[in-house]
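K.L.:
Structure in structure tokens, see below.
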Amino acid sequence: MATLGLIDKIKSVLTTPDKFFASVKKEEGYGEPVKYYAVTTLVNAIASIALINFAAGMMPSVPYQMFAGSLGAAAYVILWVLGIVFSFVSVAVMHIFVYLFGGRNGYQQSYKAAAYGGTAANLFSWVPYAGILASLYSLYLTVKGISVLQNMSTARAAAVILVPVFIAVVIAFVIAGAAVLALLGAQAAA
1 MATLGLIDKI KSVLTTPDKF FASVKKEEGY GEPVKYYAVT TLVNAIASIA LINFAAGMMP
61 SVPYQMFAGS LGAAAYVILW VLGIVFSFVS VAVMHIFVYL FGGRNGYQQS YKAAAYGGTA
121 ANLFSWVPYA GILASLYSLY LTVKGISVLQ NMSTARAAAV ILVPVFIAVV IAFVIAGAAV
181 LALLGAQAAA
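Under the working numbering, the residue at position 94 of the sequence shown is numbered 94, and the numbers go up by one with no gaps.
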């Protein structure tokens with residue numbers, strides 16, 4: 001398949017993910033997925049900022065305007081760039097689980113699965129309520145991407161996403177439980 005343009009990639013990943021991920025499997029380098037991720041997250045950032053500014057304008061008593069004015073556009077750009085850089089770190093963590101569950105096609109394929117799989121969330125998570133569905137659909141797309149690009153079963157690809165989430169939830173509950181016990185112990189001692 002010839003290299004797709006941005007709009008064609010968006011349509012393809014959202015409507016025919018298996019076919020799309022098979023078509024990008026042979027993409028070389030990080031250029032295409034990083035550019036794609038950068039553009040789709042930029043759309044999200046611009047839409048989110050516009051929505052926040054609109055909401056802040058509806059409630060003039062909210063001190064957001066002071067905060068936004070002092071924060072400035074440069075901070076938004078810095079956060080966007082840091083998000084792109086952090087995408088490599090978060091995919092590295094995901095790739096550990098890809099490897100543990102049998103994926104052997106390399107980090108680059110995992111990066112493509114995440115960069116393209118995040119399309120729905122990157123484009124629509126700013127939309128109230130619909131953003132939740134878009135984020136869930138992005139999880140599904142990422143699972144499909146891992147499955148196709150790493151030659152894994154869908155169940156194993158889903159485990160790549162679900163097991164770290166489960167581990168994080170367990171750790172959060174352990175920390176919260178320890179904090180509650182510490183507070184109760186401190187209160188009992190007082």
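Idealized CB from N, CA, C, for every residue including glycine. Keep in mind it's a predicted model, so treat the numbers as computed, not measured.
Please go through the region 72-146 and give each complete alpha helix (DSSP H) segment of 4 or more residues, from N-terminal end onward.
P.N.:
Correct list: 107-117, 119-124.
K.L.:
At which residue ranges does the region 13-64 contain complete alpha helix (DSSP H) runs of 4 or more residues, listed in the order of the chain?
P.N.:
Fully enclosed alpha helix (DSSP H) runs of 4 or longer: 17-24, 31-58.
K.L.:
By the three-class DSSP mapping on this structure, what secondary structure does residue 190 have?
P.N.:
Along the sequence shown, read from residue 1 onward, the residue named residue 190 stands at position 190. Residue 190: coil per DSSP, three-state reduction.
K.L.:
Should the region 132-148 be regarded as contacting the region 109-117, the criterion being three or more beta carbon pairs within less than 8 angstroms?
P.N.:
The region 132-148, when compared against the region 109-117, does touch it at the 8 angstroms Cβ threshold.
K.L.:
Beta-carbon separation of residue 14 and residue 39 under 8 angstroms?
P.N.:
Stepping through the sequence shown from its first residue, residue 14 is reached at position 14. Stepping through the sequence shown from its first residue, residue 39 is reached at position 39. No. Outside cutoff.
K.L.:
Just to confirm before moving on: does the CB-CB distance between residue 151 and residue 105 stay below 8 angstroms?
P.N.:
Position 151 of the sequence shown, counted from the start, is the residue given in the question as residue 151. Position 105 of the sequence shown, counted from the start, is the residue given in the question as residue 105. Taking 8 angstroms as the Cβ cut-off, residue 151 and residue 105 qualify as a contacting pair.
K.L.:
Which class does residue 184 belong to by DSSP, given the choice of helix, strand or coil?
P.N.:
Reading the sequence shown from its first residue, position 184 is the one you call residue 184. Of the three classes helix, strand and coil, the one that applies to residue 184 here is helix, per DSSP.
K.L.:
Which of the three DSSP states is assigned to residue 4 in this structure?
P.N.:
Counted from its first residue, the sequence shown places residue 4 at position 4. Looking at residue 4 - three-state DSSP - the assignment turns out to be coil, as it is neither helix nor strand.
K.L.:
Please return the same chain residues whose Cβ sits closer than 6 angstroms to the Cβ of residue 154, not counting the five positions on each side in sequence.
P.N.:
On the sequence shown, residue 154 is found 154 positions in, with the first residue counted as 1. Once the five neighbours on either side are set aside, the close Cβ partners of residue 154 are 147.
K.L.:
Here's a check: name, in chain order, each residue in its chain whose Cβ is nearer than 7 angstroms to the Cβ of residue 95, leaving out the five neighbours to either side.
P.N.:
Taking the sequence shown and counting its residues from 1, one reaches residue 95 at position 95. Answer for residue 95: 107, 110, listed in chain order.
K.L.:
Determine whether the beta carbon atoms of residue 117 and residue 141 lie at a separation below 8 angstroms.
P.N.:
Locating residue 117 in the sequence shown gives position 117, where the first residue counts as 1. Locating residue 141 in the sequence shown gives position 141, where the first residue counts as 1. Yes, they are a contact pair.
K.L.:
In its own chain, which residues sit with a C-beta less than 6 angstroms from the C-beta of residue 17, not counting the 5 before and 5 after it?
P.N.:
Numbered from its first residue, the sequence shown carries residue 17 at position 17. Taken in chain order, the residues that qualify are 141, 144.
K.L.:
Among the residues of its own chain, which have a CB less than 8 angstroms from the CB of residue 92, if the five just before and after it don't count?
P.N.:
Translated into the one-based positions of the sequence shown, residue 92 becomes position 92. Around residue 92: 107.
K.L.:
Beta carbon of residue 122, beta carbon of residue 34: below 8 angstroms?
P.N.:
For this step, residue 122 is matched to residue 122 along the sequence shown. For this step, residue 34 is matched to residue 34 along the sequence shown. Not in contact: residue 122 and residue 34 (Cβ atoms no closer than 8 angstroms).
K.L.:
Mind checking residue 78: buried by the 16 CB within 10 Å criterion, or exposed?
P.N.:
The residue labelled residue 78 in the question sits at position 78 within the sequence shown. Exposed, by the Cβ-count rule.
K.L.:
Does DSSP classify residue 175 as helix, strand or coil?
P.N.:
If you number the sequence shown from 1, residue 175 lands on position 175. Correct three-state label for residue 175: helix.
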